[in-house]
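**Q** For the sequence shown, the numbering used here assigns the number 335 to the last residue and increments by one with no breaks. Don't be surprised by glycine CBs; every beta carbon is placed ideally from N, CA and C. This structure is in structure tokens; I'll ask about it shortly.
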Amino acid sequence: MARAKSDTASNGLPRERLLEFLGEMLVIRRFEEQVEERFRAGELAGFLHVCIGQEAVAVGVCRALGDGDVMGSTHRAHGHMLANGTPPREMMAELYGKVEGCSRGYGGSMHLYDVKRGAMGANAVVGGGLPLAVGAALAFQLRRESRVSLAFFGDGATNIGTFHESMNLAQLWRLPVVFVCENNRWSESTPQSQHQPISDLTHRAEAFGMQALHVDGQDVEAVHLAARDALAYARGGQGPVFLLCETERLTGHYVGDAQAYRDKEELRRLRETRDPIRLLRERIEASEQEWKRLDARSRQVADEAVAFAKAGADPRPEAALENVYTEG
Ligand SMILES: Cc1ncc(C[n+]2csc(CCOP(=O)(O)OP(=O)(O)O)c2C)c(N)n1
Ligand SMILES: [Mg+2]
């Protein structure tokens, strides 16, 4: 894809910015480690999916979004939401089912919403975020607003009908939408080789004549620069972009997944060589002092989020009937 003119010098980001990204990825990591711990302690209900290993995609992409842009997420949404600016305490309160939660305790992990910050929702339905993003992009185009909508989804979702319908219409109508595929090569316990006949998913975009960008999703700088290009292209009215990020799920599909189907040695190797936080820390040669400061801060943010959530209010039982609309 030809790089859009402004905003894309691609000379690399200043070290200060990368240090910020390191801190933001660490907050997501520590938040989710707390989620795992609190789940094991029996404090959190339902199915939870953490994005440990995929933080660079969340931060690199969400930090490229502009004011007024919107994004739709997946079942693995904590990182996207935090990187997009939802306060950790509101997120944790939601996981605890409290009124102070970002979805007022109605939703939990797979139904996180923060519409005022442009987060159109996590999605329990695989592939559910794509048509939503296309609809928002159509509205922006019809209203001639300079806004872009973005959908996150996994490799597994690209097998689903809504993916193909969304890609087709977005390209046909040249909508301002960016499709971000997080290819961790797993769909639950099924490896990519058993659920997809191709491994290079840019072919999915080519089938629709759509521009595609392909990056290492463990490199937050590469992700960010590509996301900026993709957003500028879509905002410029040239049509949608498919942004493929090759990433790693460094944990189970869901919290509590024993991963009996996964080669333990391979997982250990990936944790050592493909952890985006470790990679960035080494690349920018963060000093011991810088690391300790970021680590202490992120642990504090996660601990505070848990304390806030635990002190929150349980919803009134009658509230279950609020916001229910029926014809009758
Ligand atoms: C329409 C639909 N089909 C199946 C499921 C069950 N399911 C939940 S997560 C998941 C795997 C999705 O894989 P991928 O899109 O690659 O995302 P990842 O979990 O790897 O982040 C499946 C099949 C679902 N929630 N919705
Ligand atoms: Mg996957």
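Flag Ser196 as yes when its Cβ comes closer than 7 Å to any non-hydrogen atom of ligand 2, and as no otherwise.
**A** Result no, Cβ not under 7 Å from ligand 2.
**Q** Looking at Arg22: is its Cβ nearer than 8 Å to the Cβ of Ile284?
**A** Against a cut-off of 8 Å, the Cβ pair of Ile284 and Arg22 comes out as no contact.
**Q** For ligand 1, is there a heavy atom less than 7 Å away from the beta-carbon of Val132?
**A** Val132: yes, Cβ under 7 Å from ligand 1.
**Q** Count the other CB atoms, across all protein chains shown, that sit within 10 Å of the CB of Val222; report buried if there are 16 or more and exposed otherwise.
**A** Result: buried.
**Q** Could you name each continuous alpha helix (DSSP H) segment of 4 residues or more that falls completely within the segment 120-160, going from the start of the chain to the end?
**A** Listed in chain order, the complete alpha helix (DSSP H) runs (minimum 4 residues) inside the segment 120-160 are 136-149.
**Q** In three-state terms, what does DSSP make of Trp193?
**A** If DSSP states are grouped into helix, strand and coil, Trp193 belongs with the strands.
**Q** Just checking, does the segment 50-57 make contact with the segment 254-267 on the three C-beta pairs under 8 Å criterion?
**A** The segment 50-57 vs the segment 254-267: in contact.
**Q** Say whether the segment 233-243 touches the segment 34-42, bearing in mind that this needs 3 or more beta-carbon pairs closer than 8 Å, one atom from each stretch.
**A** Output reads no: the segment 34-42 does not touch the segment 233-243.
**Q** What three-state label does DSSP hand Phe186 in the structure shown?
**A** Here Phe186 sits in strand by DSSP.
**Q** Could you tell me the alpha carbon to alpha carbon distance between Arg10 and Val66, rounded to whole angstroms?
**A** Since pLDDT at Arg10 reaches only 38, below the 50 mark, its modelled position is unreliable, and no value is offered.
**Q** Cβ atoms of Phe215 and Leu137: under 8 Å apart, would you say?
**A** No, these two residues do not count as a Cβ contact at 8 Å.
**Q** Taking 7 Å as the cut-off, is the beta-carbon of Asn91 closer than that to any non-hydrogen atom of ligand 2?
**A** Asn91: no, Cβ never under 7 Å from ligand 2.
**Q** Go to Cys69, then tell me how far its beta strand (DSSP E) extends in each direction, as first and last residue.
**A** Unbroken run through Cys69 is the alpha helix (DSSP H), 62-69; no beta strand (DSSP E).
**Q** Output needed for Arg83: all residues of its chain with C-beta closer than 6 Å, excluding positions within five of it in sequence on either side, in chain order.
**A** The answer, listed in chain order, is His56, Cys58.
**Q** Write down the C-beta distance between Leu119 and Met88 rounded to the nearest angstrom, noting that I regard them as a contact closer than 8 Å.
**A** About 5 Å separates the two Cβ atoms, so the contact holds.
**Q** Just to confirm the assignment: which complete beta strand (DSSP E) runs, minimum length 3, are found wholly within the segment 197-249?
**A** Correct list: 218-223.
**Q** Express the C-alpha separation of Gln203 and Val227 in angstroms, rounding to a whole number.
**A** C-alpha separation (whole angstroms): 26 Å.
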